[in-house]
Structure formats: structure tokens, C-alpha cells
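Residue numbers (my numbering): 4 to 182.
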């Protein structure tokens with residue numbers, strides 16, 4: 004009798020486990036990057052979600068490659084560092100309100116800069132401009148003095164480059180002296 008109860012209980016457990024596993028396995032996963040559904044399908048293996056690196060890289064404007072010889076997977080970003088459209092980050096700083104306009108003397112470039120985490124007595128920065136295909140078209144240089152933690156300053160950048168056709172920009176901090 005005990006044997007019969009154990010066998011029936013075991014059978015019921017196996018049936019319930021296979022039914023729940025079947026429902027779990029049948030769940031279709033969807034990969035969404037920046038609000039856009041991607042064609043690649045994620046997989047769940049042993050409770051961990053895996054996504055195709057090439058699909059994610061491409062969706063983020065990067066490239067992925069695999070070197071069979073060394074067993075190395077490499078992801079190379081486009082070098083563009085937007086947080087959101089028209090908002091960029093470099094180090095402790097957030098840049099927004101970028102304006103790059105051609106005028107009678109060349110190009111006027113200005114940007115709003117916010118210090119997120121610390122106060123600085125001086126910051127030198129560079130904005131590098133890229134065209135649609137990712138080719139560098141020019142750069143502009145600027146400096147900000149006495150910017151406190153959480154402060155925002157509007158600054159003009161200097162360039163002699165022709166920025167015609169730029170589509171994206173990457174900011175970099177060249178020198179940052181904490182206050």
C-alpha cells in the first residue's frame with residue numbers, strides 16, 4: 004500500500020512539473036531595445052535570459068565580433084554617448100541644449116553643462132562631431148570655471164572646423180580640476 008501511494012504521488016508530481024515546464028517553455032520572449040522590438044529572440048537557459056549579442060549591439064549602434072583563434076568576443080561602440088536624444092554624458096558631467104549653427108564667421112557651438120557629483124574649479128572639454136556614417140567631421144573646444152556640484156553652466160565652444168553634415172556628437176573631458 005505504501006508503495007502504491009509513493010508511486011501515485013511521484014506520478015502526480017511528474018505530471019505537474021512537466022505541465023508547468025511546458026507552459027514556461029512555451030512563453031515567447033521579445034527583445035526590445037530603446038522601445039523598438041528586435042527580430043532576435045531571447046532564450047531562457049537554467050533561469051538566465053540570454054540575448055544574441057550581435058542583435059543587441061546592432062540595435063545600440065555598435066558592432067560585435069568573435070575571434071575563433073583567441074576565443075574573444077569584442078563589442079565596439081560607435082563612440083557616441085547619448086543618454087537620451089540631445090543629452091550626453093562624459094565623466095561627472097551631463098551635456099544638453101547643444102547648439103551648433105553656421106554663421107558668417109564659421110560655426111557657433113554652445114552647450115549647457117551640469118556637474119553631477121562634484122565641484123570643479125576648472126574643466127576643459129571637447130565635443131567631437133560625427134556624420135551619419137560615423138566619420139568624424141570636426142571638433143570644438145571649451146572651458147568652464149567654478150562649477151559646483153549640481154550646478155549648470157552654459158558655455159561656448161571654439162572651432163575652426165566645418166561641421167556641415169554632423170548628426171551626432173561625443174563629449175570628452177580633457178582636464179577636470181576639483182575645487
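By construction, the Cβ of each residue, glycine as well, lies at the ideal position given by its N, Cα and C atoms.
(request) Could you give the DSSP three-state label for residue 33: helix, strand or coil? (result) In the chain shown, counting from the first residue as 1, residue 33 sits at position 30. Coil, per DSSP.
(request) Mind the definition here: the region 137-144 touches the region 115-125 only if three or more C-beta pairs lie below 8 Å; say whether that holds. (result) no
(message) Suppose you measure from the CA of residue 99 to the CA of residue 49; what does that come to, to the nearest Å?
(response) In the chain shown, counting from the first residue as 1, residue 99 sits at position 96. In the chain shown, counting from the first residue as 1, residue 49 sits at position 46. Taking the straight line joining both Cα atoms gives about 42 Å.
(request) Less than 8 Å between the CB atoms is what I'm expecting for residue 178 and residue 127, so what's the real figure, rounded? (result) Position 175 of the chain shown, counted from the start, is the residue given in the question as residue 178. Position 124 of the chain shown, counted from the start, is the residue given in the question as residue 127. Right, their Cβ atoms sit about 4 Å apart.
(request) Answer with buried or exposed for residue 174, where buried requires no fewer than 16 other C-beta atoms within 10 angstroms of its C-beta. (result) The residue you call residue 174 lines up with position 171 of the chain shown. Buried.
(request) Please classify residue 163: does DSSP put it in a helix, a strand, or coil? (result) Within the chain shown, numbered from 1, the residue matching residue 163 stands at position 160. Here residue 163 sits in coil by DSSP.
(request) Output yes or no for whether 8 Å exceeds the beta carbon distance between residue 97 and residue 130. (result) As a working note, residue 97 is residue 94 in the chain shown. As a working note, residue 130 is residue 127 in the chain shown. No.
(request) Reducing DSSP to helix, strand and coil, say where residue 61 ends up. (result) Here residue 61 refers to the residue found at position 58 when the chain shown is read from its first residue. In the structure shown, residue 61 sits in a helix (DSSP, three-state: H, G or I).
(message) Could you tell me the alpha carbon to alpha carbon distance between residue 104 and residue 136, rounded to whole angstroms?
(response) The residue given as residue 104 occupies position 101 in the chain shown. The residue given as residue 136 occupies position 133 in the chain shown. Cα to Cα, residue 104 sits roughly 21 Å from residue 136.
(message) With distance defined between alpha-carbon atoms, name the residue in 69, 90, 165, 39 nearest to residue 107.
(response) In the chain shown, counting from the first residue as 1, residue 107 sits at position 104. Looking only at 69, 90, 165, 39, the smallest Cα-Cα distance to residue 107 is reached by 165.
(message) One question on the structure: do residue 159 and residue 112 come within less than 8 Å of each other, judged by their Cβ atoms?
(response) Against the chain shown, residue 159 aligns to sequence position 156. Against the chain shown, residue 112 aligns to sequence position 109. Yes, Cβ-Cβ distance for residue 159 and residue 112 is below 8 Å.
(message) Within a Cβ cutoff of 6 Å, which residues of the same chain sit near residue 57, ignoring the five residues on either side of it in sequence?
(response) Here residue 57 refers to the residue found at position 54 when the chain shown is read from its first residue. Taken in chain order, the residues that qualify are 67.
(request) Could you pull out every residue in the same chain whose Cβ sits closer than 8 Å to the Cβ of residue 40, ignoring the five residues on either side in sequence? (result) The residue labelled residue 40 in the question sits at position 37 within the chain shown. Close CB contacts of residue 40 within its chain, under the 8 Å cut and outside five residues either way in sequence, are with 33, 34 (chain order).
(request) Answer yes or no: do residue 43 and residue 55 have a C-beta to C-beta separation smaller than 8 Å? (result) Against the chain shown, residue 43 aligns to sequence position 40. Against the chain shown, residue 55 aligns to sequence position 52. In contact: residue 43 and residue 55 (Cβ atoms closer than 8 Å).
(message) Could you compute how far the alpha carbon of residue 148 sits from the alpha carbon of residue 181?
(response) As a first step, residue 148 must be located in the chain shown, where it is residue number 145. As a first step, residue 181 must be located in the chain shown, where it is residue number 178. Using only the alpha carbons, I get a separation of about 10 Å.
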